[in-house]
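>
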Amino acid sequence: MRKYIFILGIIILSLCACSKEGLTQYDAAKNYLYIPNDKYMDTTFVTFKHHPGIDDYDVFFEVRLIGIQLIEDKSYSIEVVKDKTTAKVEDYTLDTEQIFHAGVLKDQLKITLHNTAHLLNETVRVTLRLTPNENFGVADYLGESESRAQSLTASVAFDNQISKPSWWNSDIEMNYLGEWTPIKYEKFIESCGGEVLDLSEYEGYQIMELAVKFKNDIEKYGWKDKDNELIDLPIY
């Protein structure tokens, strides 16, 4: 009787080991790959407006290995999830066979985005999915940490429109630049000599220097926001 219970247990575990998207069952002889996604935000956002002069932009997603480190490089497979993708074929380049390198437990998946004309008026999305091949199985939702969830998919939304950068947070709003608006952001870039800066890499005193210069430029050039009033900053 114990023998039959044991066999039944193995069958149940095998069924539970299937990925949520039904791609594969676990094979104990294989290594597995997954993409660690933030459980609150599973999409990366890119705008070419933050990368002036760039027509092709590489986006990388981390891919992790469950199993033993490889002794030689091996390929793994990626596919585009068509029903979760709005980008046109000409908007991106993806190699559907990518390399997981020997001797590491983390590697990168690359997709190249292209700054096509319709991105001026449209935000598009590409969703990618790991698929099993002769080298790797896939490991979907094996568990969660506080902020990460293991997944088969990665998604990037992109356009060529002015959008609020991630560093323009409540601290920046309250203490340096005020509420974000498209016009204010465009003029801030102009005040910075046309350079698109990532203020998350700056110290507070450096941000204040930029804010003071911006305020002086607003007064010097009479820069106005959408309400036809001078752009307002929370500094004096």
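Residue numbers (mature numbering (1 follows the signal peptide of the UniProt record, and there is no 0)): -19 to -1, 1 to 217. Think of the CB as a built atom: it goes at the ideal place given N, C-alpha and C, for glycine as much as any other residue. These figures come from a predicted structure and were not determined experimentally.
Quick one: what does DSSP say residue 180 is sitting in, helix, strand or coil?
Correct three-state label for residue 180: helix.
> Round the Cβ separation of residue 207 and residue 164 to the nearest angstrom and send it over; I've been treating them as touching at under 8 Å.
Between residue 164 and residue 207 the Cβ distance is about 6 Å, and since that is below 8 Å, they are a contact.
> Output yes or no for whether 7 Å exceeds the beta carbon distance between residue 16 and residue 42.
The answer is yes: Cβ separation under 7 Å.
> Under 8 Å, with one C-beta from each stretch per pair, do the stretch 76 to 85 and the stretch 47 to 56 reach the 3-pair mark?
Result yes; three or more Cβ-Cβ pairs closer than 8 Å.
> Find out if the Cβ-Cβ distance for the pair residue 27, residue 139 is shorter than 7 Å.
Closer than 7 Å, so yes.
> For the beta strand (DSSP E) holding residue 187, just list the boundary residues, first then last.
Careful: residue 187 lies outside any beta strand (DSSP E), inside the alpha helix (DSSP H) at 185 to 202.
> Given this structure, state the Cα-to-Cα distance separating residue 102 from residue 143, to the nearest angstrom.
Going from the Cα of residue 102 to the Cα of residue 143 covers about 11 Å.
> Express the C-alpha separation of residue 195 and residue 135 in angstroms, rounding to a whole number.
Whole-angstrom Cα-Cα distance: 37 Å.
> How many angstroms separate the CA atom of residue 39 from the CA atom of residue 46?
Their Cα atoms are separated by approximately 22 Å.
> Name the residue from 184, 33 and 210 whose alpha carbon lies nearest to the alpha carbon of residue 153.
Minimum Cα distance to residue 153 is reached at 184.
> For residue 31, is the classification buried or exposed, using 16 other Cβ atoms within 10 angstroms of its Cβ as the cut-off for buried?
Buried.
> Please tell me whether residue 93 and residue 67 are closer than 7 Å, where the distance is taken between their beta carbons.
Going by C-beta atoms, residue 93 is not nearer than 7 Å to residue 67.
> When you compare only the Cα positions, how much space is there between residue 71 and residue 203?
Taking the straight line from one Cα to the other gives about 41 Å.
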